[in-house]
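Residue numbers (our numbering), protein chains in the order written: chain A, 1249 to 1368; chain B, 19 to 125.
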Amino acid sequence: QVQLVESGGGVVQPGGSLRLSCAASGFTFTNYGLHWVRQAPGKGLEWVAFIRNDGTNKFYADSVKGRFTISRDTSKNTLYLQMDSLTVEDTAVYYCAKDRSSGWKYFDHWGQGTLVTVSS
Amino acid sequence: DIQMTQSPSTLSASVGDRITITCRASQNISSWLAWYQQKPGNAPKLLISQASTLQSGVPSRFSGSGSGTEFTLTISSLQPDDFATYYCQQHNGYPLTFGGGTKVEIK
């Protein structure tokens, strides 16, 4: 069965950096696009970034463009989100999510999430 | 960017009720709309894609309809397990956007 397990969350000061990981299993990693979606405490869902199955195309929300970088390592079946220049508005649970294929643009499986808290 | 507006934001209902949640898109998204259910402390779960395609394992009391800019999620007979927050999401193009959510509460 599909499993997505996020890690790397924690507390970081404003202006700091953090790298999230998402270990994937139960499906052919190289066949599917992957996303990051976040949810601020008590708020709704916000899509953050997408990477195509072969890593050639990446898309970002305007709120993170230029600060966050999505990447994937096929040798480790792992998705990453490098987050730089963090602000308090980036505080959220970050979910990795599998695309239905590599272009359907919706999420058929989700991880359990990892909490990122940006605070001084 | 495509704005997604859900209504109501909160809905109070009883077990057995038929409920409908509305999602409106700021521009035509054809049938590229998904619905998710989220319970407190859990990740969202995909219910419906392409406006009306029920995902495997999702009970048939859930249904979706609509196209263009107006969509609905209907639960034909509310069950105790259905009390949750529901989100719509357009999957027409990037940036992907969600509605603000509809919390279904026990009346």
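For each residue, glycine too, the CB sits at the ideal point set by N, CA and C.
Keep in mind the model is a prediction, meaning the values are calculated, not measured.
Once the 5 residues before and after residue i are set aside, which same chain residues still bring their CB inside 8 angstroms of it?
i	result
Pro62 of chain B	Tyr54, Gln55, Gln56, Tyr105
Glu1294 of chain A	Val1285, Arg1286, Gln1287, Ala1288, Ala1309, Ser1311, Ala1340
Ser1265 of chain A	Gln1330, Met1331, Asp1332, Ser1333, Leu1334
Looking at the C-beta of residue i, does it have a partner C-beta in chain B at a distance below 8 angstroms?
i	result
Trp1284 of chain A	no
Tyr1342 of chain A	no
Leu1293 of chain A	yes
Gly1361 of chain A	yes
Arg1300 of chain A	no
Arg1201 of chain A	Outside the displayed span of chain A (1249 to 1368) sits residue 1201 of chain A, for which this structure offers no information.
What's the C-alpha gap between residue i and residue j?
i	j	result
Asn110 of chain B	Gln68 of chain B	10 angstroms
Lys1313 of chain A	Pro26 of chain B	31 angstroms
Val1341 of chain A	Thr38 of chain B	28 angstroms
Cys41 of chain B	Trp50 of chain B	12 angstroms
Thr58 of chain B	Gly1274 of chain A	Contrary to the premise, residue 58 of chain B reads as Pro rather than Thr in this sequence. Going from the Cα of Pro58 of chain B to the Cα of Gly1274 of chain A covers about 26 angstroms.
Ile1299 of chain A	Thr1317 of chain A	10 angstroms
Ile66 of chain B	Gly1263 of chain A	39 angstroms
Ser94 of chain B	Met22 of chain B	24 angstroms
If the cut is a Cβ gap below 7 angstroms, which residues of chain A does residue i touch?
i	result
Gln107 of chain B	Tyr1354
Ala52 of chain B	Tyr1354
Please compile the residues from chain A whose C-beta is within a distance smaller than 8 angstroms of the C-beta of residue i.
i	result
Phe116 of chain B	Gly1292, Leu1293, Glu1294, Trp1295
Tyr112 of chain B	Phe1298, Phe1307, Lys1353
Gly119 of chain B	Gly1292, Leu1293
Looking at chain E, is there any beta carbon in it that lies within less than 8 angstroms of the beta carbon of residue i?
i	result
Ala61 of chain B	No chain E is present in this structure, whose protein chains are A and B.
Please list, in chain order, all residues of the same chain as residue i whose beta carbon is under 7 angstroms from its beta carbon, the five residues on each side excluded.
i	result
Lys125 of chain B	Ser30, Ala31, Ser32
Asp1356 of chain A	Lys1346, Arg1348
To which residues of the same chain is residue i closer than 6 angstroms at the C-beta, ignoring the five residues directly before and after it?
i	result
Ile47 of chain B	Gln108, Asn110
Gly1292 of chain A	none
Ser81 of chain B	Thr92
Give a yes or no on whether the minimum CB-CB distance between residue i and chain A is below 8 angstroms.
i	result
Leu64 of chain B	yes
Ser44 of chain B	no
Note down, in chain order, every chain B residue with its Cβ under 8 angstroms from the Cβ of residue i.
i	result
Asp1310 of chain A	Asp19, Pro113
Residues of chain A with CB under 9 angstroms from residue i, in chain order?
i	result
Ser67 of chain B	Arg1348, Trp1352, Tyr1354, Asp1356
#### Entry: Validate contact between the region 80-93 of chain B and the region 1341-1359 of chain A using beta carbons, cut 8 angstroms, 3 pairs
no
### Query
Are the region 1346-1364 of chain A and the region 1267-1281 of chain A touching by the rule of at least three beta carbon pairs closer than 8 angstroms?
yes
#### Entry: At least three beta-carbon pairs within less than 8 angstroms, the region 112-120 of chain B to the region 1299-1306 of chain A
no
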